[in-house]
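Numbering of the sequence shown is given in my numbering, commencing with residue 68 and proceeding in unit increments.
Just so it is clear, CB atoms sit at the ideal spot from N, CA and C, and this is done for glycine as well.
Computed from a predicted structure; not experimentally measured.
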Amino acid sequence: RIWSTVPPLPGFADRFPIETINAALGRYPDSGHLVFVGTYFEYGSWLKQCQAKRITLCYNIDNPASLIGRLVELEEIPTAFSLDFSFPSRRFCDAVGVAGWVEYATIATSRFRPVRARSYRSGPMVIGRHSRDDRLKFHPNDPSFFRCLAGLGHQIMIAGGTCLTETLKGNGLGDRITIQPETQNGIVEFLDGLDCFIYRIHPHLYESGGTAILEAMAMGLPVVLFGERVGVAELIEHGRNGFIVETEEEALACIGQLADDPDLRRAIGEAARTTLVELMKAQTGAILDFYLQGNKTDSGAAREFQH
Numbered sequence: 068r069i070w071s072t073v074p075p076l077p078g079f080a081d082r083f084p085i086e087t088i089n090a091a092l093g094r095y096p097d098s099g100h101l102v103f104v105g106t107y108f109e110y111g112s113w114l115k116q117c118q119a120k121r122i123t124l125c126y127n128i129d130n131p132a133s134l135i136g137r138l139v140e141l142e143e144i145p146t147a148f149s150l151d152f153s154f155p156s157r158r159f160c161d162a163v164g165v166a167g168w169v170e171y172a173t174i175a176t177s178r179f180r181p182v183r184a185r186s187y188r189s190g191p192m193v194i195g196r197h198s199r200d201d202r203l204k205f206h207p208n209d210p211s212f213f214r215c216l217a218g219l220g221h222q223i224m225i226a227g228g229t230c231l232t233e234t235l236k237g238n239g240l241g242d243r244i245t246i247q248p249e250t251q252n253g254i255v256e257f258l259d260g261l262d263c264f265i266y267r268i269h270p271h272l273y274e275s276g277g278t279a280i281l282e283a284m285a286m287g288l289p290v291v292l293f294g295e296r297v298g299v300a301e302l303i304e305h306g307r308n309g310f311i312v313e314t315e316e317e318a319l320a321c322i323g324q325l326a327d328d329p330d331l332r333r334a335i336g337e338a339a340r341t342t343l344v345e346l347m348k349a350q351t352g353a354i355l356d357f358y359l360q361g362n363k364t365d366s367g368a369a370r371e372f373q374h
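Written as structure tokens, this is what we have:
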């Protein structure tokens, strides 16, 4: 059963049987195995009446204060229960320092797949990225970097980048840089129009997973990732199924390789999709085993999937 602490958005309520928690009316999960997805919201007073036997806490955003707050809330549960943690990457699990289960964001590879026939020719590419429309999802120097890429002749597409509009406005490269609002629909079509995916975040943010990156890989796109503070960077083998870079100079060199070598671009993209398809297949059965049969992690070590 799927529960929400607030009324679900229409787009979700229309597709899934989501129930809204209402402690006053006695509508809440009352027993069994409870899975809390996220720690960034208060769980509620109904926990005092809950008879949970097992709880899995999916800690997916780097916010230690919220984690402590939710653990304090769980102390309201009157029954003894076993507690598991799940994390969206092994790297984040290790950074938190708590033993747990590693569960990458589930990507529907039947939906996120290349649709159009890409034109693998040498020369300028369509380079893009998507994310929440939040300045913390961008590096402070991204506007300058995007202008540099546009100046080299590449087309830049940014979904969820209206927060950069002012800094990118009036740069003389408006025809090569397209910014559109954040959207939950049309992401497949957006990614399908790219030749390369690039991703960098603000130094103050730790990207515990990186769903947008996994979606790009599933679409068969070569990914150039500033990976120091991104969890799913662990899935990318530099030069085989993507590129991990530390500096803008390294990123420009990788993009130059991809632009000059269409065969490399195709090979990297195909390897990226193969990585995701194999990962999702392996993870699906393991997830069912973990949640339904109650298997725990071995010797306090996070479970990893072969990739």
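**C-beta contact flag for A283 and L258 at 8 Å** = Working through the sequence shown from its first residue, we reach residue 283 at position 216. Working through the sequence shown from its first residue, we reach residue 258 at position 191. Yes. Within cutoff.
**Prompt:** Does DSSP put A349 in a helix, in a strand, or in coil?
**Reply:** The count along the sequence shown starts at 1 and reaches residue 349 at position 282. Three-state result, A349: helix.
**Request:** Could you tell me if Y187 is buried or exposed, where buried requires 16 or more neighbouring beta carbons within 10 angstroms of its beta carbon?
**Result:** On the sequence shown, residue 187 is found 120 positions in, with the first residue counted as 1. The residue in question, Y187, is exposed, as its Cβ has fewer than 16 Cβ neighbours within 10 Å.
**Prompt:** With a CB to CB cut of under 7 Å and the five nearest residues on each side skipped, what residues in its chain are close to Q373?
**Reply:** In the sequence shown, residue 373 corresponds to position 306, counting from 1. Summary for Q373: the model assigns pLDDT 38, below 50, so the residue's position carries little reliability, and this model does not support an answer.
**Message:** To the nearest angstrom, how far is the alpha carbon of V73 from that of G287?
**Reply:** One-based indexing of the sequence shown puts residue 73 at position 6. One-based indexing of the sequence shown puts residue 287 at position 220. Computed Cα separation, rounded: 36 Å.
**Asked** In its own chain, which residues sit with a C-beta less than 7 Å from the C-beta of W113, not counting the 5 before and 5 after it?
**Response** As a working note, residue 113 is residue 46 in the sequence shown. Closer than 7 Å at the Cβ level, and outside the excluded window around W113, lie I88, A90 and Y95.
**Request:** Please list, in chain order, all residues of the same chain as C125 whose beta carbon is under 6 Å from its beta carbon, the five residues on each side excluded.
**Result:** For the purposes of this step, residue 125 is taken as the residue at position 58 of the sequence shown. If we look at C125 and ignore the five residues flanking it on each side, its Cβ neighbours are V104 and S153.
**Item:** Straight-line gap, G99 to Q247 (C-alpha atoms, nearest Å)
**Value:** For the purposes of this step, residue 99 is identified with residue 32 of the sequence shown, where counting begins at 1. For the purposes of this step, residue 247 is identified with residue 180 of the sequence shown, where counting begins at 1. One C-alpha to the other measures close to 44 Å.
**Message:** Report the CB separation of H269 from P207 in whole angstroms; it is logged as a contact under 8 Å.
**Reply:** Here residue 269 refers to the residue found at position 202 of the sequence shown. Here residue 207 refers to the residue found at position 140 of the sequence shown. About 7 Å; that satisfies the 8 Å criterion.
**Prompt:** Among residues of its own chain, excluding the 5 on either side of T278, which ones have a beta-carbon nearer than 7 Å to its beta-carbon?
**Reply:** Position 211 of the sequence shown, counted from the first residue, corresponds to residue 278. Cβ neighbours of T278 beyond the five flanking positions: A172.
**Request:** Kindly indicate which residue of E315, V344 and G306 has the alpha-carbon position closest to the one of A330.
**Result:** Taking the first residue of the sequence shown as 1, we reach residue 330 at position 263. As written in the sequence, residue 330 is Asp, which differs from the Ala given in the question. Checked all of E315, V344 and G306; the closest Cα to D330 is G306.
**N127 burial status per 10 Å Cβ neighbour count (16 or more: buried)** = As a working mapping, residue 127 is identified with position 60 in the sequence shown. Label assigned to N127: buried.
**Prompt:** Counting along the chain, where does the alpha helix (DSSP H) carrying D161 start and finish?
**Reply:** Sequence index remark: in the sequence shown, residue 161 carries index 94 (1-based). Where D161 is concerned, the enclosing alpha helix (DSSP H) stretches over R157 to V163.
**Asked** Is T173 helix, strand or coil by DSSP?
**Response** As a working note, residue 173 is residue 106 in the sequence shown. Note: T173 maps to coil in three-state DSSP.
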